[in-house]
């Protein structure tokens with residue numbers, strides 16, 4: 009049982025899975041997965057975990073290695089031993105010193121889509137001549 013009194017499944021570091029894991033509760037994962045993980049509760053990805061695939065969770069604490077995209081309904085917490093290669097999306101994000109993260113992140117506490125306005129470099133707006141001659145560009149910040 010986790011701290012909220014809900015059941016928690018545990019997959020040890022001796023287990024290798026190919027396919028999709030679905031859990032309506034919380035999950036402690038320390039094994040090897042080649043496939044997707046769908047978790048309705050909190051997912052703890054342990055130090056020995058090695059996942060090649062996407063995660064869709066309520067919230068995630070990551071200490072191991074993930075090569076895939078992570079989508080969390082609430083929070084993603086990356087501990088110092090985490091190695092993540094892929095895009096992440098969550099309402100909240102916590103990253104400790106020492107994390108390796110290669111990808112894009114979208115963190116939006118309100119959870120509602122944000123209308124992105126074009127961002128124009130300052131040099132393109134200095135003076136009317138430069139503004140008229142500049143090619144319109146937009147830069148998305150994530």
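In the working numbering, the protein residues as written are 9 to 150.
Each residue gets a CB set at the ideal place from its N, CA and C atoms; glycine is no exception.
These numbers come from a predicted model, not from an experiment.
Under the three-state DSSP convention, the category residue i falls into
i: residue 62; result: coil
i: residue 140; result: In this predicted model, residue 140 has a pLDDT of only 47, less than 50, meaning its place in the structure is not dependable; the value taken from the coordinates is given anyway. Helix at residue 140.
i: residue 71; result: coil
i: residue 99; result: coil
i: residue 15; result: coil
i: residue 87; result: coil
i: residue 80; result: strand
i: residue 56; result: coil
i: residue 27; result: coil
i: residue 107; result: coil
i: residue 34; result: strand
i: residue 10; result: The predicted model places residue 10 with a pLDDT of 49, which falls under 50 and marks its position as unreliable, so this point remains unresolved.
i: residue 21; result: coil
Residue interval of the beta strand (DSSP E) (run including residue i)
i: residue 50; result: 45-53
For residue i, the residue or residues it bridges with in DSSP
i: residue 112; result: Paired residue(s): none; residue 112 is not in a bridge.
i: residue 42; result: 26 and 60
8 Å contact criterion, which residue i and residue j should meet: CB distance rounded
i: residue 87; j: residue 69; result: 7 Å
i: residue 72; j: residue 55; result: 6 Å
i: residue 82; j: residue 98; result: 7 Å
i: residue 95; j: residue 112; result: 5 Å
i: residue 31; j: residue 48; result: 7 Å
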